[in-house]
Amino acid sequence: MSKLQIFGAARSRTMRALWLADELELDYDHRLKDEAGLDYLSINPSGKVPAIDDNGLVLTESMAINMYLVKKHGGDLAPRDLAEEAVILQWTFWAMTEVEGAALTVLFNRALLPEDERDAAAADKGEASLQKPLGILNEALANRQWLAADRFTVADLNVASVLSWVKLARIDLGAFPNLTEWLGRCLGRPALAKILKG
Ligand SMILES: N[C@@H](CCC(=O)N[C@@H](CS)C(=O)NCC(=O)O)C(=O)O
1 MSKLQIFGAA
11 RSRTMRALWL
21 ADELELDYDH
31 RLKDEAGLDY
41 LSINPSGKVP
51 AIDDNGLVLT
61 ESMAINMYLV
71 KKHGGDLAPR
81 DLAEEAVILQ
91 WTFWAMTEVE
101 GAALTVLFNR
111 ALLPEDERDA
121 AAADKGEASL
131 QKPLGILNEA
141 LANRQWLAAD
151 RFTVADLNVA
161 SVLSWVKLAR
171 IDLGAFPNLT
181 EWLGRCLGRP
191 ALAKILKG
């Protein structure tokens with residue numbers, strides 16, 4: 001039985017898999033895709049991260065990786081029944097399809113690209129398009145601490161990992177107080193601090 005391998009830099013979508021692995025207290029090796037001697041394209045032909053190798057099971061797609069790991073290892077972050085699992089998947093798909101693209105557009109065009117390559121109009125358009133989904137998340141958190149259950153689950157981790165782009169992009173969250181408090185609870189978890197420090 002070989003140890004779980006997680007590929008990709010912590011400051012990328014790999015963050016969400018590393019964060020979960022630490023929440024689950026898994027024993028794993030964290031590897032970078034440009035590591036000497038590693039043929040990463042044989043693991044993920046797209047060259048993208050994250051990927052994992054779990055004793056021969058190679059998986060790509062960050063959210064699929066997280067659903068696999070949490071269901072394999074169980075515990076409080078995992079769904080306890082089909083209904084919880086459905087709600088976890090709902091929020092996970094929602095974050096990827098309704099928020100992630102626009103959040104990255106804003107992040108790249110306000111911070112990550114060299115200044116002369118930034119497109120301010122694209123950033124503003126991205127921010128405007130996020131107002132409705134951010135409002136929906138804010139409303140969903142009006143009377144609850146966590147998204148899918150009465151405890152922190154992989155739904156919160158997955159969605160907060162996407163919302164961390166929104167925060168990094170310095171999108172104004174002033175109109176979304178429930179979201180802001182929930183995001184603070186999620187991003188304040190010691191397991192996340194540990195992987196971002198390492
Ligand atoms: N849908 C994929 C997206 C993976 C992805 O785009 N990863 C970025 C890092 S955050 C990457 O590897 N980019 C390098 C590239 O595009 O070559 C997932 O969620 O895992």
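Residue numbers (this note's numbering): 1 to 198. Every residue, glycine too, gets a C-beta built ideally from N, C-alpha and C. Owing to the predicted nature of the structure, the values given are computational and were not obtained by experimental measurement.
Taking C-beta atoms as the reference points, residue 65 and residue 4 fail to come closer than 8 Å. Counted as a single uninterrupted DSSP element, the beta strand (DSSP E) harbouring residue 60 occupies residues 57–60.
Approximately 6 Å separates the beta-carbon atoms of residue 168 and residue 107; this is inside 8 Å, confirming the contact.
Note: residue 7 is bridge-paired with 31 and 51 in the DSSP secondary-structure output. Annotation: residue 12 to residue 116 spans about 23 Å, alpha carbon to alpha carbon. Residue 159 and residue 147 do touch by the CB rule: their CB atoms are close to 6 Å apart, below 8 Å. DSSP places residue 145 outside both helix and strand once states are collapsed to three, so it counts as coil. The closest CA to that of residue 140, considering only 182, 74 and 14, is found on 182. If you look at residue 139, you'll find it in the alpha helix (DSSP H) that goes 120–140. In the three-state reduction of the DSSP assignment, residue 170 falls in the coil class, being assigned neither a helical nor a strand state.
Cβ-Cβ distances below 6 Å link residue 100 to 162 in the same chain, with the five nearest sequence neighbours on each side left out; the list follows chain order. Out of 127, 171 and 63, the CA that lies nearest to the CA of residue 15 is found in 63. In the DSSP assignment, residue 190 falls within the alpha helix (DSSP H) that extends over 190–197. Scanning its chain for C-beta atoms nearer than 7 Å, with the 5 sequence neighbours on each side dropped, one finds around residue 1 the residues 55, in chain order. In the DSSP annotation of this structure, the continuous segment of the alpha helix (DSSP H) that includes residue 88 starts and ends at 82–94. Put simply, the residues with a CB less than 5 Å from any heavy atom of ligand 1 are 12, 13, 47, 48, 49, 61 and 62, in chain order. Non-local beta-carbon contacts of residue 179 in its own chain, meaning distances under 8 Å to residues more than five positions away in sequence, involve 134, 137, 138, 141, 163 and 173 in chain order.
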